[in-house]
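Sequence positions in the sequence shown follow my numbering and run 5 to 461. Glycine included, C-beta positions come from ideal geometry on N, C-alpha and C. Inspection log for the structure reproduced underneath, given as structure tokens.
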Amino acid sequence: MVRSTCSGMRHRAVGSRIDSHYHPVAVMKNNLRRLLKTFEALSDLGPVLTTENDLGQTAPRMLTSLMDAVDAREGILFRFNEKPALLGAIATAGYESLPPSVVIPLLPKHVHAMSRLSSARLLGDDWPDFLSSNGNFAPQLVKCLMPLRVGPRLVGAIALGDRKSEGTYGEDDLDGIAMMSHYIALGIHNHSLSETLAQRVGENLRLMATVHNFYDTTLEAFAQAIDYKHVNIHGHSLRVGRYAAGIGDAMGLDAAAVAGLRAAGYLHDVGKVAVDKKLFGKPDKLDEMEFREMADHTVVGHQIVQGVQFPWPKIPDVVRWHHERSDGSGYPDKLRNDEMAQSVRIMAVADTFDAMTSERPYRKQFSVGEALNEIVKLTPYKFDADSVQALLIQVRRDAVVAMTPRPKASAGEIIIPNQPQRARFLDERLSGIAPTDIDQINAMLHHKLSSGRTFLA
């Protein structure tokens, strides 16, 4: 009896220990449930990956399928852009107060770290190793990061925030994310191949006719002619063309769109050939009639270019509307932000930045920092936030390059750089600005766009 009782007590003790710590049946059921969720998500991805729909339509479904499988409440699906290196969101879910387009610029160290990461990674204080804080999204909100690769090539990333239930993502969740990410990466890569093929066909057709080379050379000379008669705006059109192209490049636009922005910048002030030269040298404020004559350069310029067959169809729109503002306070047609094409919104920022950083008879030129601060103060009420963000990215890149020490050669030694030096974005006449100053301006922009809301990790 005693032995039997002791045996029973020992059995209950062991059973109690199993029930309170191991739960083998519960664990098995939970793992099976997660596995079924993963397979269900994979089955959902099948038709999404093979559809001919645009990536903007398929990306949200891919992200939702993955989030449902791992019980995630917040998530972003990014596409990787190589030049310039950045992550651009193609689908978001769950996060509040996100800008219309989430962009995270990447330094070479970030690209390298993500390219070497072969599995999903829980992020904590080590997030700066993989993500930059110079974009318009707080990377501290990412709790789990999964790079998307096809072979060695980085094509995107999945960033997950908090889960619907308490706790962090477990090993089973990370395995499920890694399994599904392979198929999502293939989906993004396939769409990129289709886009690249279409772009190459268009570019080859243009190159066959040497249209781009002819227009670029001719319009550059024409831009110089537009500004030549006005002493105070020498080089303005060339700089605006370069700034607009740089902004478009930082926003991830393709080569043809960037070339179109450069050409539109060269021609945006073509209507000023009809403006009295005396108005450009007047040190006082223009009266109503003088302002009207000056403002009419947009309409005159539109009349000049609208009959010309350019490879870039938005040039007439840019010439007419580059003085329009997001709140409808611009001219000549009082358009609002959603009524303007992206190229028009970009040109408004590029034109304003050069005007502020150039000397005028009625005021001294702004420093780079003063101009950026002023433009951010007027965003998004006057200027497009995405275009302003891209301007900050390009100026910061110049600032980082300027602060990077060049290797010194010993006597008789010739140093050959490993890579060609990146073309300067800012005009050479402008003094530099520190990256930390741009980061402060960038923080002010984020604060305004989020209405003062702060994000906690």
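Alpha-carbon to alpha-carbon, residue j and residue i
i, j, result
"alanine 89", "isoleucine 181", "24 Å"
"valine 303", "lysine 338", "13 Å"
"leucine 91", "aspartate 72", "23 Å"
"glycine 109", "alanine 189", "Before going on, a small fix: residue 109 reads as proline here, not glycine. Straight-line Cα distance between these residues: approximately 20 Å."
"glycine 264", "isoleucine 162", "32 Å"
"alanine 124", "aspartate 441", "34 Å"
"alanine 95", "leucine 149", "15 Å"
"proline 320", "lysine 276", "15 Å"
"lysine 147", "arginine 246", "39 Å"
"lysine 286", "glutamate 297", "14 Å"
"tyrosine 187", "tyrosine 173", "20 Å"
"serine 119", "leucine 290", "57 Å"
"threonine 68", "leucine 81", "10 Å"
"glutamate 374", "glycine 332", "24 Å"
"threonine 361", "glutamate 292", "25 Å"
"glutamine 313", "glycine 256", "26 Å"
"glutamate 86", "alanine 93", "14 Å"
"serine 435", "leucine 70", "48 Å"
"isoleucine 350", "lysine 168", "39 Å"
"methionine 66", "histidine 450", "28 Å"
"leucine 145", "isoleucine 308", "50 Å"
"histidine 301", "glutamate 343", "21 Å"
"proline 103", "leucine 126", "24 Å"
Residue i versus the options, residue with shortest Cα-Cα distance
i, options, result
"leucine 395", "Val348, Asp291, Phe429 and Val404", "Phe429"
"valine 322", "Glu378, Leu257 and Ala248", "Ala248"
"tryptophan 325", "Asp273, Ala189 and Leu283", "Asp273"
"alanine 345", "His327, Thr361, Ser362 and Phe357", "His327"
"phenylalanine 141", "Asp258, Gly155, Ala124 and Val107", "Val107"
"leucine 271", "Gly256, His306 and Asp288", "His306"
"arginine 433", "Glu363, Gly191 and Gln398", "Glu363"
"glycine 155", "Lys168, Lys87 and Leu121", "Leu121"
"valine 279", "Ser169, Thr383 and Ala299", "Ala299"
"tyrosine 335", "Gly285, Val312, Leu158 and Phe295", "Phe295"
"proline 315", "Ala268, Ile350, Leu145 and Ser330", "Ala268"
"alanine 378", "Pro365, Met448 and Ser435", "A small correction: the amino acid at residue 378 is glutamate; alanine does not occupy that position in the sequence shown. Of Pro365, Met448 and Ser435, the residue nearest in Cα terms is Met448."
"lysine 282", "Pro317, Tyr366, Ala254 and Leu70", "Tyr366"
"glutamate 170", "Pro132, Leu67, His450 and Val74", "Val74"
"aspartate 288", "Leu382, Lys368 and Lys87", "Lys368"
"lysine 318", "Thr361, Ala254 and Arg266", "Arg266"
"leucine 376", "Ala427, Gln444 and Glu343", "Gln444"
"asparagine 194", "Thr62, His301 and Asp176", "Thr62"
Residues near residue i in its chain [Cβ-Cβ closer than 7 Å; skip 5 each side]
i, result
"serine 455", "none"
"glycine 206", "Residue placement at glycine 206 is poorly supported in this model, since its pLDDT is 49, which falls under 50; the coordinates still yield a value, given next. Closer than 7 Å at the Cβ level, and outside the excluded window around glycine 206, lie Ala260."
"histidine 114", "Phe134, Leu135 and Ser136"
"aspartate 166", "Arg77, Glu78 and Lys147"
"glutamine 310", "Pro320"
"aspartate 358", "His240, Arg243, Val244 and Tyr247"
Local conformation of residue i per DSSP, three classes
i, result
"proline 317", "coil"
"leucine 257", "coil"
"glycine 252", "helix"
"phenylalanine 134", "coil"
"phenylalanine 387", "coil"
"arginine 243", "helix"
"aspartate 431", "coil"
"threonine 440", "helix"
"proline 4", "There is simply no residue 4 to check, as the chain begins at 5 and stops at 461 in what is shown."
"glycine 92", "strand"
"glycine 305", "helix"
"aspartate 331", "strand"
"phenylalanine 295", "helix"
"phenylalanine 284", "helix"
"arginine 77", "coil"
"alanine 345", "coil"
"alanine 3", "The question about residue 3 has no answer here: the residues shown for the chain are numbered 5 through 461."
"phenylalanine 82", "strand"
Sub-8 Å separation of residue i and residue j beta-carbons
i, j, result
"asparagine 446", "aspartate 388", "no"
"valine 392", "valine 348", "no"
"isoleucine 437", "valine 380", "no"
"glycine 98", "glycine 128", "no"
"valine 262", "glycine 252", "yes"
"alanine 76", "leucine 178", "no"
"isoleucine 192", "leucine 152", "yes"
"glycine 239", "glutamine 398", "no"
"arginine 83", "glycine 160", "yes"
"lysine 452", "threonine 383", "yes"
"proline 143", "tryptophan 131", "yes"
Own chain residues within Cβ distance below 6 Å of residue i, not counting five before or after
i, result
"proline 64", "Ala95"
"serine 105", "Asp390"
"arginine 329", "Lys386"
"alanine 227", "Ser241, Leu242 and Tyr270"
Residues near residue i in its chain [Cβ-Cβ closer than 8 Å; skip 5 each side]
i, result
"proline 439", "Arg400, Ala403, Val404 and Met407"
"leucine 158", "Phe84, Val115, Met118, Ser119, Pro151 and Leu152"
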